[in-house]
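Each remark here refers to the structure printed beneath this line.
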Amino acid sequence: MSSSVAVTDQVFDAEAAVARRRWVVARVAIYGLLTLFALIYIAPLIVVILNSFRDLPEINHNGLIAWPQSFSLDYWVQAWDSYCVGGTCAGVKGNFFNSLEMTIPATIISTALGAINGYILSKWKFRGSDILFGCILLGVFVPGQLSLMPWAFLLGKIHLTNSVYGLILIHCVQGLSFTTLFCRNFYVNIPDDLIKAARIDGAGFWRIFWKVIVPISPPILIVTVIWQFTGIWNEFLFGVIFTSGQQQPITAALVALGTGGLSVHAYNVASAAVLIGAIPPLLVYFLGGKYFVRGLTQGAIK
Amino acid sequence: MSSLTIRELHKSYGAVEVLKGINLEAATGEFIALVGPSGCGKSTLLAMIAGLEATLKGEIYIGDRLVNSVAPKDRDIAMVFQSYALYPTMTVRENMLFGMEARGVPRDERDAAIERVSKLLQITELLKRKPGQLSGGQRQRVAMGRALVRDPALFLFDEPLSNLDAKLRVEMRTEIKKLHNRIGKTTIYVTHDQVEAMTLASRIAVMHQGSVQQFADPDTVYNRPANMFVAGFMGSPSMNFISAEVVADKGQPAVTFPVSRDRMATLALANGVASRAKPGRVMLGIRPEHLSRAVPGTSRPGTATMSAPVEVVEPTGAETMAVLRVGESEIVGRFTPDEAPKMGEDMPLAVDMTRACLFDPTTTQLI
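So the protein lines, in turn, are chains A and B.
Per numbering that gives the first Met the number 0, the first sequence starts with residue 0, numbered consecutively.
Per numbering that gives the first Met the number 0, the second sequence starts with residue 0, numbered consecutively.
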């Protein structure tokens, strides 16, 4: 067998050579195209990063898209600490912390509630539980704008307008549909026998949840946390409408910064502020991204 | 004293009635097998005994306590699942501890129980592993171990061997039998495999379409099946049924049926059956192993002879199966390799009529 292979190796095979050349050409074309599109996608980010280090006269002179002639970290410091947004000159740091104060509790609460909902809707089904799940699922398809008026009404009634707590409440409720959907679909694939075995073993609702369900859940909990964290952090409609000034999350503040009444547009400071606003979700994605893909593609536990 | 009593148990899912008045009882230390084809209700019955399905009509007693509305954890039972249902994130030790922790068993008792059971099942060296690192047979042992540490009044097994390959299944079957002999706990064992039921059980409940067809010891179930369903389900290859007529042959009751267009076979009935048979149509039931090659000139008491053409011969080594044509139907015979027929042969058969069963063709009940 091996000798015959050796013989054919030495013979020049014209057809194989053509196929080989065609394969190389195809690879070059594919990777060339992919690289081109990758560059197009990353270009805006590069422009913003470069502008955050250039001084304003240079930007005004050479245009937004140009190689930096100057370099300074001042604009990052200004954006963080001292730049005037909406009449207050303290940078975006307050808004950044507002966003953290809003995003972290809202992510934790909505994920926890979604996990419990999913656990009940998959493992403790009751009469009408499937219909209830259908209703919760509707929330996935209803656009946020539709609930603006009801929220305005409710926040007014319970005195949570212009407050981070109001936004936490909104994001917990608005996020529940997604977190419930994610967790329920994950838990449905966990064999029912596990629950039955635990019930016979003497465990109740919460003991089964904490000791059996939660330990199997990291893949889906990571997905849900990333989804909720990036979604809530980047959300801006509710922030802009229900908060103002020092209470605004960073996304809303960035808009105020961009549309401020100042005649001179500080592109460099604005760029730095935008990048500051983008860091936390990027960080979360870099830390958990591989689990995100794994969690979404992983079906059942065998 | 009986440790499980079930009276007139019913279960319906919507309009579908899956259990239609089940009556069963298990004496202390007994090994009861619930056997039947899939969809017969045996797993539902087990789930109701465990308390995993609600009991709305009928009564279930464990010991002398009515448990209809008692939660699974308070029924003093342990269960082994078909899928083993081991907690995937816990080690073997933690799997076995889980139930005892939930019940607040003191630490030294827990450790003693784990040591006792892991020695018994020879899983001591697996205690630190997780279920994912175990083979099928090892998982099976651990699942049994988890049930055993609790020392319950009643063991429930739900098709515990059906996920194992054939060789391991036979090994584990023997292990379960040994284990039961050693600890002597009352056991209810659901299976669709009639061989498992025959080898393990002290009594077998054969179920079909939501009711118990027969509840008796293995010997009775096999040799005196209550009806044609039980006769056909228990045994492999299954019992042969031949539509026949009871007649008086030289003053002796006999069954007669056509073998081919121009030939009839007449088999004299053995004493026990003869007294119960009335003239008219019957179904004659003969197990494959009760057919053998007839040797001319010899005749054993209780044996009748006939002959039938051979259509297929299937040697399996230890024995040879042959399909023979009798009238409209085919019958299977199980022969030793020495007496095995050849293809196309018109084989002289000796039928052991002392073991033959007669069934009423309309009610399918044993006569």
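In this text, a Cβ means the ideal position worked out from N, Cα and C, and glycines have one as well.
Residues of the same chain with a CB within less than 7 Å of the CB of residue 113(A), apart from the 5 flanking positions on each side, are 175, 178, 179, 181, 182 and 223 in chain order.
At least one CB atom of chain A sits nearer than 8 Å to the CB of residue 72(B).
Relative to residue 75(B), the option among 325(B), 147(B), 91(B) and 39(B) whose CA is nearest is 147(B). In terms of Cβ geometry, residue 105(A) and residue 171(A) form a close pair [threshold 8 Å]. Between the alpha carbons of residue 8(B) and residue 348(B) lies a distance of about 46 Å. For residue 59(B), the enclosing beta strand (DSSP E) stretches over residues 56-61. At least 8 Å separates the beta-carbon of residue 145(B) from that of residue 120(B). By the Cβ test, the stretch 233-246 of chain A is not in contact with the stretch 52-66 of chain A, since fewer than three Cβ pairs between them sit closer than 8 Å. Under the Cβ criterion (8 Å, minimum of three pairs), the stretch 216-233 of chain A does not count as touching the stretch 125-138 of chain A.
In the three-state reduction of the DSSP assignment, residue 163(A) falls in the helix class, which pools H, G and I.
Exposed is the label assigned to residue 68(A), since fewer than 16 other Cβ atoms lie within 10 Å of its Cβ. A Cβ-Cβ separation of about 5 Å places residue 240(B) in contact with residue 282(B) under the 8 Å criterion. In the DSSP assignment, residue 110(B) falls within the unbroken alpha helix (DSSP H) covering 106-120.
Measuring C-alpha to C-alpha distances from residue 307(B) to each of 344(B), 320(B), 64(B) and 337(B) identifies 344(B) as the nearest.
Restricting attention to 3(B), 199(B) and 113(B), the CA atom closest to the CA of residue 48(B) is found in 3(B).
Rounded to whole angstroms, the gap between the alpha carbons of residue 200(B) and residue 285(A) is 59 Å. For residue 213(B), the enclosing beta strand (DSSP E) starts and ends at 210-215. Under the DSSP assignment, residue 94(B) falls outside any beta strand (DSSP E), being part of the alpha helix (DSSP H) whose first and last residues are 91-101. For residue 306(B), the uninterrupted beta strand (DSSP E) segment begins and ends at 302-314.
A direct Cα-to-Cα measurement between residue 203(B) and residue 172(B) gives close to 16 Å. Beyond the five residues adjoining it in sequence on each side, residue 49(A) comes within less than 6 Å, by CB distance, of 67 in the same chain, given in chain order.
Take the alpha-carbon of residue 334(B) and the one of residue 52(B): they are about 47 Å apart.
Selection 226(A), 193(A) and 103(A) evaluated against residue 166(A) yields 103(A) as nearest (Cα-Cα).
At a beta-carbon threshold of 9 Å, none of the residues of chain A lie near residue 90(B); the nearest stands roughly 12 Å away. Interface with chain B (8 Å Cβ-Cβ cutoff): residue 198(A) is included. Any Cβ of chain B closer than 8 Å to the Cβ of residue 211(A) would place that residue at the interface, and such an atom is present. Note that the stretch 29-42 of chain B touches the stretch 177-194 of chain B; at least 3 beta-carbon pairs, one per stretch, sit closer than 8 Å. Between the stretch 64-72 of chain B and the stretch 127-138 of chain B there are fewer than three C-beta pairs closer than 8 Å, too few to call the two in contact.
Contact note: residue 355(B) does not reach chain A at a C-beta cutoff of 9 Å; the least C-beta distance is about 44 Å. DSSP, read as helix, strand or coil, puts residue 20(B) in strand. Listed as beta-bridge partners of residue 320(B) by DSSP are 313(B) and 333(B).
Bridge pairing for residue 226(B): 364(B) [DSSP]. Closest in alpha carbon position to residue 160(A), among 17(A), 62(A), 237(A) and 19(A), is 237(A). Taking the CA atoms as reference points, residue 299(B) sits about 34 Å from residue 212(B). Between the stretch 134-150 of chain A and the stretch 200-212 of chain A there are fewer than three inter-stretch CB-CB distances shorter than 8 Å, so the stretches are not counted as touching.
No Cβ of chain B is located within less than 8 Å of the beta carbon of residue 149(A).
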